[in-house]
Structures are given as C-alpha cells and as structure tokens.
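S.K.:
2 protein chains.
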Amino acid sequence: MAASAEQELGTQLNLKLDQNGLITAVTVDADTHQVLMVAFMNPAALEQTLKTRKCTYWSRSRQKFWVKGEESGNTQQVESVHIDCDQDAVIVKVRQRGAACHNGFASCFYREVVADEKGGLSLRIVAEPLMDPKQMYRK
Amino acid sequence: MAASAEQELGTQLNLKLDQNGLITAVTVDADTHQVLMVAFMNPAALEQTLKTRKCTYWSRSRQKFWVKGEESGNTQQVESVHIDCDQDAVIVKVRQRGAACHNGFASCFYREVVADEKGGLSLRIVAEPLMDPKQMYRK
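Those protein sequences? They're chains A and B, same order as listed. Counting from 6, one number per residue, gives the positions in the first sequence under our numbering. Counting from 6, one number per residue, gives the positions in the second sequence under our numbering.
#1: Under 7 Å between C-beta atoms, does B:LEU128 make it to chain A?
#2: Count the other C-beta atoms from every protein chain shown that fall within 10 angstroms of the C-beta of A:SER9, then say buried if there are 16 or more, exposed otherwise.
#3: If you measure beta-carbon to beta-carbon, which residues of the region 42-57 of chain A are closer than 8 Å to chain B?
#4: Across the region 101-117 of chain B and the region 84-101 of chain A, are there enough close Cβ pairs to call them in contact, namely three or more that are closer than 8 Å?
#5: Please tell me whether B:CYS113 has its Cβ less than 7 Å away from any Cβ of chain A.
#6: Is B:GLN101 buried or exposed, if buried means 16 or more other CB atoms sit within 10 Å of its CB?
#7: Would you please verify whether the beta carbon of A:VAL99 is less than 7 Å from any beta carbon of chain B?
#8: Under 7 Å, Cβ to Cβ, is there at least one residue of chain B near A:LEU18?
#9: Check the C-beta distance from B:PHE45 over to B:ARG65 and give it rounded, since I have them as a contact under 8 Å.
#10: Return the chain-ordered list of same chain residues with a C-beta closer than 6 Å to the C-beta of A:ASN79, the five sequence neighbours on each side being excluded.
#11: Alpha carbons only, please: which of A:VAL72, A:ARG58, A:ILE96 and A:GLY124 is nearest the one belonging to A:GLN82?
#12: Do B:ILE96 and B:VAL31 have their C-beta atoms closer together than 7 Å?
#13: Report the neighbours of A:GLU117 on chain B: residues whose CB is nearer than 9 Å to its CB, in chain order.
What follows is the structure in structure tokens.
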C-alpha cells in the first residue's frame, strides 16, 4: 500500500500532528452522540486515554495533561476512540458524569450562531445549565 | 458582564482564532448526530456557511475556501451552527448528500483506535464505504 493509502486506509497508527504537536479531540456522549466538547491531545494523552479509559487531554493554556474531571469530579469514562482519514482528529465516545462544560452545561455548545436581517451574526443560548458552576469547583 | 463572562455566556460573536486565524469546525449529521468530519473555518467561511447554508471551510492545504461537495457533489446543507464556551470551535449540523469522506465512507471516522495486549495502539476499520471514491471525483 502506498504511504498515503496506508495513512488513510491502513491499520497503523501514524498521527498527523499540528504545528504544536497536537491532534483535535471531539468528545461525544456514547449513547446520544451529542458533542460535549472539543479539545486537544498529544500522542501521550491519547495513549493514556486508551490505557486508563479516563479521557485525558493536553491543556494548551496550562501546558500539561488534563484528566477531565480531576478537579470537578465530572469525569469521562471512555468507551471507544475513532480516528479520521488523515489521522489528525479523534472522536472519543464517553460516559459523562455531570456537566462536560465548566460553565455547568451538559455540552460546551450551548449557544447557536444566528444571522440577523442584515446578515450580522450573533449568539443565542439554546440550553439550560445542568449544574451550578460555582458548586462544581468547590470540592 | 465582565469580558470573559461575555465571551463565554453572552450573545456577542467574538471568535477566538488560533495562530492561523482559524476555528475548528465539527460537522455532524443533523438527524443522527454522527460526527462526519472535522475541518477548519476562518470568520469569512463561517459567515458564508450561515449565509448560503452550504457548509464552507477554509482549506489549509489549498489556502482557499472549500465549499464542501463542489467537486464531488456530496454537499452539506446547513441546518444550524453551534459555538462552544470559549468561541474557538463550532458544530455544524448538516444534511449530508452521499459520503462526507473523500474515501467514500459516510464519516471520516471509519477506524477505531485499539490497544493490543502490550499496550501498543493500532487501527481497525469499523465501517463499510458508502460510495466508490473513484466515482465521486469523476463528474
């Protein structure tokens, strides 16, 4: 198989990292498929995620591993991980405990982008918080 | 509202662009919520997506707008766009015509990442192609 065909259709893991050494991780609810959040992983975070079954990201702001829920208790138990054709993004299917978003919403995507009559874009909140964020980080 | 609260909980669009001027776009099937693909948008691509209702990305490899399906015919009719808490990622809910993946699969995420007994990671194909990719680009 040619290198590009192997990358896209083969069975060998060969991550295509971005300029920061990361891939995109899209976390979805294993049952409903609702997208919960989008974050980043480096190769070690992906390995740890699969080994521990606790979803582990690379925090760009803190420059360290980020085991989801280690502060808030809102952990993500990993069911499976899927990778895309060019191997620069994964979907992580999880069982989410509590809210995935630090603002207390089930998903970080609680706002819709809408266009007004003049074509300008604004946001509309389309979900209710699941938890009080003030309570989430006071444990 | 403080600036960070407005960014995260307000109704004003204020995209947090990465070092390439882009946000992440996760495209999902509007009915099943299956994740179809992950790509990138710049602010103009997001505006065009909402204006035309045809999902439009920014191609990093070709450095130009990429109206999904303009070559293959496998277009994405946009139902709604949702944005995350820090405004650096969107979910685009679409009606997909044909296969989303250029390899002929319904979704680009047709491989699962699995660990072997020694902890090494490899890939397993877990979906069947929907279309013959050779036919998709011969129109």
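For every residue, glycine included, the Cβ atom is placed at its ideal position computed from N, Cα and C.
M.R.: In this structure, then:
#1: yes
#2: exposed
#3: MET42, VAL43, LEU51, GLU52, LEU55 and LYS56
#4: yes
#5: yes
#6: buried
#7: no
#8: yes
#9: About 6 Å separates the two Cβ atoms, so the contact holds.
#10: ARG102, GLY103 and ALA104
#11: A:ARG58
#12: yes
#13: SER85, VAL86, HIS87 and ILE88
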